[in-house]
Amino acid sequence: MESAASKKPCCERVGEFFKSAKFLIYLGHALSTWGDRIWNFAVAVFLVELYGNSLLLTAVYGLVVAGSVLLLGAIIGDWVDKNPRLKVAQTSLVVQNSAVILCGVLLMVVFQFKVQLTTLYNGWLLTTCYIMVITIANIANLASTAMSISIQRDWVVVVAGDDRSKLAGQDLTNILAPMLVGQIMAFGSHFIGCGFISGWNLFSMCLEYFLLWKVYQKTPALAFKAGQKDADDQELKHLNVQKETGNSENPVEGSQLMNETAEVKKNTSCCYQMTEPIRTFKDGWVAYYNQSIFFAGMSLAFLYMTVLGFDCITTGYAYTQGLNGSVLSLLMGASAISGICGTVAFTWIRKKCGLIRTGFIAGVAQLSCLMLCVASVFAPGSPFDLSVSPFDEVLKHLFGDSGSLRESPTLVPTIEPQIQINATVFEEAPQVESYISVCLLFAGVIAARIDQKQQSMFVIIALMLFYVTTCVLIDSPELLSGLWSFDLTNSMNYLLDLLHFIMVILAPNPEAFGLLVIISVSFVAMGHMMYFRFAYKSLRSRLFLFCSPEQKPDPNIPSLPNSV
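To convert, note that position 463 of the sequence shown is 476 in my numbering; the numbers rise steadily by one, no gaps.
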């Protein structure tokens, strides 16, 4: 069969590949990822443009998105598991793209009539538009989460099997997608950028919908979702057999246990039952703290408490410092290339120095790169000034110019310049005296991306190894602790991610961004200190012997893969 396939002409084999379900699922995933990258980059710039020289609206958007994923992520995952694959994928696709299209149209209206909206109902109509934009964008993000779970963790596994690692090559969309929309916004306008995004999502939705249907038709296995259910049923049967065997061997002991259980149920009060979640939470944290991987997991969580990642906060701040969409898209592309280099470097360094030492090296290198960000706070061109109140712009947007007029009547002539800014700022980014500060900031952020990628990959793989190890040792009571390690680490990641958005909301003006940079670097430093404690406790003085083996191989414990 294989020899017959190998004798086919090259053109025929290429044609069969382009018609195969694997290629169609890769193409659909590439289109979806491309749209996500375009929207995630553009929405930060749009929100800063709407709210003026402040990161408040961008931080609120990030907080809403992160909080929604934290609260509704489990519900979305459960909905994905309980419904047919095609229904989940198509529903998520339509909801996501429709929300982005609607949000783009609403942004076009706001950009076109912002001056008129500012004067209507004392500015509250414009505030309502802000709320609608954030709400619709959040719905799009939740639908994107469901789409990612369905495609990457379900469809691709069924369709591609062992070839699903090829999806890693689609990191190219992180480079090209922001560049495209950045050039459109820089050389056109934000109005044109919103129209392009809405049109792209409409085209992409139709094409992806067709590709999903074709993949579903070509892969009959996608129609069945009973593997996990059958495994669970077999496990339950096995446990029931063991229970029946134990009861038949010791009937007296079983009756005594039943009597004791009944007495405990009678003695449990309502207060005891109400405090049970608190005791479970406490026991879980105690079990997590007692694991050797605790400080490594906490170090990863502390890396989320930073404004120095290429998220909506960093992009919004760069825009307030005079960088237009074209330059921002190039910087984001450089950051994506830096992340890919970090993945490659992680694999090579781990082979040479071992897993734990790789995380230690990445931590030292990342902290060194972030010193450039600290230097940018005090460099020429930095807006750092703690004497400026972060709430002046907030009060101005909430209560309009009437509040400022009551406080100082001399501000009446500033109404006309504000209208002029609103009319021209769509095409030009704010001007600054010097770009030295922002250049140092992004040099540190981009360079640190390589080491942050390595550090994050280490902790994730280490937690996977710890979980697999506890699963192999079935008789060990630490199995539950392995599950808690995963859950609590993810919870801490989400919590500190929320806190960093709250931190920006409390200080949304660019003058206070330098303080946020210092706080972020402090949290990263504390995270690396926790990791150093874990690494030194694991290797002692051998931590600094970079070419020596970390430990002797144990045949009972599964080893990590050589490639990531």
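Idealized CB from N, CA, C, for every residue including glycine.
The alpha helix (DSSP H) runs of length 4 or more contained entirely in the stretch 43-95 are, from start to end of the chain, 69-95. If one requires a minimum length of 3 residues, no beta strand (DSSP E) run lies completely within the stretch 300-370.
Annotated three-state conformation of F536 is helix, per DSSP. Rounded to whole angstroms, the separation of the alpha carbons of I188 and V530 is 25 Å. When rounded, the separation of the alpha-carbon atoms in D324 and A347 is 14 Å. In the three-state DSSP reduction, N522 falls in the coil class, being neither helix nor strand.
If you look at R98, you'll find it in the alpha helix (DSSP H) that goes R98 to Q125. Secondary structure note for Q165: it is in no alpha helix (DSSP H), with a DSSP letter that is neither H nor E. Looking only at Y229, Y143 and H42, the smallest Cα-Cα distance to K100 is reached by Y229. M192 sits buried, since 16 or more C-beta atoms from the chains shown fall within 10 Å of its C-beta. For L220, the uninterrupted alpha helix (DSSP H) run begins and ends at H203 to K231, by DSSP. Leaving aside the five residues that flank L453 on each side, the residues in its chain whose CB is nearer than 8 Å to its CB run, in chain order, L385, C386, A388, S389 and A392. Here the alpha carbon of L224 sits roughly 21 Å from the alpha carbon of W52. The C-beta distance from A55 to G212 rounds to 13 Å, too long to meet the 8 Å contact threshold. Taking a contact as a CB-CB distance under 8 Å, the pair I463 and S554 does not count as one, their CB atoms being some 27 Å apart.
Distance from the CA of L130 to the CA of M145, rounded to the nearest whole angstrom, comes to 14 Å.
When the alpha-carbon of Y222 is set against those of L84, V108 and L399, the nearest one is in V108. In the assembly as shown, Q304 is a buried residue. Its beta-carbon has 16 or more other beta-carbons within 10 Å. The Cβ-Cβ distance between P396 and S67 does not fall below 9 Å.
Per the Cβ contact rule, the stretch 508-524 is in contact with the stretch 70-83 (3 or more Cβ pairs under 8 Å). 9 Å or more divides the Cβ of S33 from the Cβ of S105. DSSP places P393 outside both helix and strand once states are collapsed to three, so it counts as coil. When the five nearest sequence neighbours on each side are left out, the beta carbons in the same chain lying within less than 7 Å of the beta carbon of M218 are those of L106, V107 and N110, in order along the chain. Under the three-state reduction of DSSP, P22 is assigned to coil, being neither helix nor strand. Taking a contact to require three or more Cβ pairs closer than 8 Å, the stretch 530-546 and the stretch 354-364 do not qualify as touching. Secondary structure of L558 (DSSP, three-state): coil. Annotation for Y285: the continuous alpha helix (DSSP H) segment containing it runs C283 to M287. Residue environment analysis places W298 among the exposed positions, since fewer than 16 neighbouring C-beta atoms fall within 10 angstroms of its C-beta.
Counting only residues of its own chain and dropping the five nearest sequence neighbours on each side, G117 has a CB closer than 6 Å to the CB of C207, I210 and S211. Counting only residues of its own chain and dropping the five nearest sequence neighbours on each side, L215 has a CB closer than 8 Å to the CB of N110 and I114.
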